[in-house]
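What follows is one structure encoded as structure tokens, with my remarks underneath.
Numbering (this note's numbering), first residue to last: 9 to 338.
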């Protein structure tokens with residue numbers, strides 16, 4: 009049976025560069041694509057629309073599919089198909105599951121209908137993604153460490169202004185509470201409404217950290233400087249968001265864990281997006297394994313998933329037969 013399969017990784021979001029900026033660009037930010045946890049989605053022929061996934065995710069996939077059909081060119085509107093979510097990124101954990109899954113679906117639908125060379129930005133428009141951050145969109149297309157420059161009111165997608173390959177030796181340890189979620193949807197929009205504008209002095213500091221510390225360190229594989237820069241960037245972001253998320257870290261247990269990690273000499277710790285996932289930058293696999301064993305014994309890590317991952321320096325992969333679904337009649 010002809011099948012289109014799309015695979016992508018998860019997105020770590022280290023923080024924004026501007027919030028409610030009085031002039032210029034808004035949002036912006038820094039992120040990293042990691043190879044796991046990942047998303048694998050397949051589309052195959054069916055005489056009616058079907059979706060095989062957990063109920064909550066299936067509902068979102070169905071909505072994205074319908075939105076895609078409304079927004080795509082009529083000559084490339086895909087017919088009925090079966091969607092199978094083979095592997096899923098945890099939802100509402102700060103790992104960019106919504107953008108990665110919706111773009112995987114949009115990519116598969118485009119290929120299913122015989123449409124090629126569609127940009128990730130256009131695919132995101134078709135499924136309604138990228139209202140604030142576009143890191144996941146750029147990451148889906150290119151992978152690596154990403155810096156977006158923020159968007160003007162007239163722009164749909166924030167532009168990518170820097171992209172570097174992340175060291176293949178470095179590892180990222182992810183700690184995700186199993187029973188708690190970060191903000192999303194209406195709650196996320198309400199939080200941005202309550203949030204005070206970010207002072208221009210803070211934006212300037214964040215930009216300096218990115219341009220003068222983080223990017224040169226990643227380019228030269230200077231682990232200590234990169235880890236310290238990411239931690240400082242995250243701490244400053246967390247302090248600004250503290251009034252709407254409950255502290256520098258959204259989850260109290262992750263806050264306790266971060267405090268303990270500091271006493272152990274760990275220099276690269278932060279929260280991804282709204283959390284609750286905590287990330288730790290490690291020099292190599294052996295250091296990541298060592299931290300994983302130590303953290304597994306800490307009370308704050310009870311009922312958490314602890315996962316070692318690495319940077320994904322390439323975009324999503326696509327496989328399968330192309331152009332297997334004639335477009336719907338107008």
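C-beta: ideal position from N, C-alpha, C; glycine also.
Item checked: Per-residue DSSP class, three states only, for residue 257 -> Coil at residue 257, not helix or strand.
Check: Tell me which same chain residues have a C-beta within less than 8 Å of the C-beta of residue 243, skipping the five on either side of it?
Finding: Answer for residue 243: 256, 278, listed in chain order.
Item checked: Endpoints, the beta strand (DSSP E) within which residue 56 is located -> Element bounds for residue 56: n/a, residue is neither H nor E.
Notebook entry, point to check: Taking C-alpha atoms, which residue in 309, 122, 240, 114 lies nearest to residue 137?
Noted result: Comparing Cα positions, the closest option is 114.
Next item on the list: Using beta-carbon positions only, say whether residue 151 and residue 285 come within less than 7 Å of one another.
Entry: At least 7 Å separates the beta-carbon of residue 151 from that of residue 285.
Next item on the list: Look at the Cβ atom of residue 226, then the Cβ atom of residue 172, and state whether they are nearer than 7 Å.
Entry: Yes.
Check: In the DSSP assignment, what residue or residues form a beta bridge with residue 171?
Finding: Residue 171 pairs with 154.
Notebook entry, point to check: Using the C-alpha atoms, what's the distance from residue 289 back to residue 230?
Noted result: The alpha-carbon atoms of residue 230 and residue 289 are separated by roughly 12 Å.
Next item on the list: List the endpoints of the continuous alpha helix (DSSP H) containing residue 35.
Entry: Per DSSP, residue 35 is not a residue of any alpha helix (DSSP H), being assigned neither H nor E.
Next item on the list: Report buried or exposed for residue 320, applying the criterion of at least 16 other Cβ atoms within 10 angstroms of its Cβ.
Entry: Counting the other Cβ atoms within 10 Å of the Cβ of residue 320 gives 16 or more, which makes it buried.
Next item on the list: Taking only the alpha-carbon atoms, compute the straight-line gap between residue 239 and residue 248 and give it to the nearest angstrom.
Entry: CA-CA distance, residue 239 to residue 248, rounds to 14 Å.
Next item on the list: Apply the 10 Å Cβ neighbour rule to residue 73 and answer buried if 16 or more other Cβ atoms are within range, or exposed otherwise.
Entry: Classification of residue 73: buried, given that the 10 Å Cβ count is 16 or more.
Checklist line | Sequence ranges, alpha helix (DSSP H) only - wholly within the stretch 109-166, length at least 4 | finding: Within the stretch 109-166, the complete alpha helix (DSSP H) runs of at least 4 residues are 128-135, 143-150.
Check: Based on the DSSP secondary-structure assignment, which residues constitute the bridge partners of residue 79?
Finding: Bridge partners of residue 79 according to DSSP: none are assigned.
Next item on the list: Just the C-alpha distance for residue 108 and residue 169, rounded to the nearest angstrom, thanks.
Entry: Rounded to whole angstroms, residue 108 to residue 169 spans 20 Å at the Cα level.
Notebook entry, point to check: What residues in its chain sit with their C-beta under 7 Å from that of residue 147, if we drop five residues either side in the sequence?
Noted result: Within the same chain, residue 147 has close Cβ partners 19, 39, 41, 154.
Notebook entry, point to check: CB-CB under 7 Å to residue 217, same chain, minus the five flanking residues each way: which ones, in chain order?
Noted result: Excluding residues within five positions, the ones whose Cβ falls inside 7 Å are 237, 240, 241.
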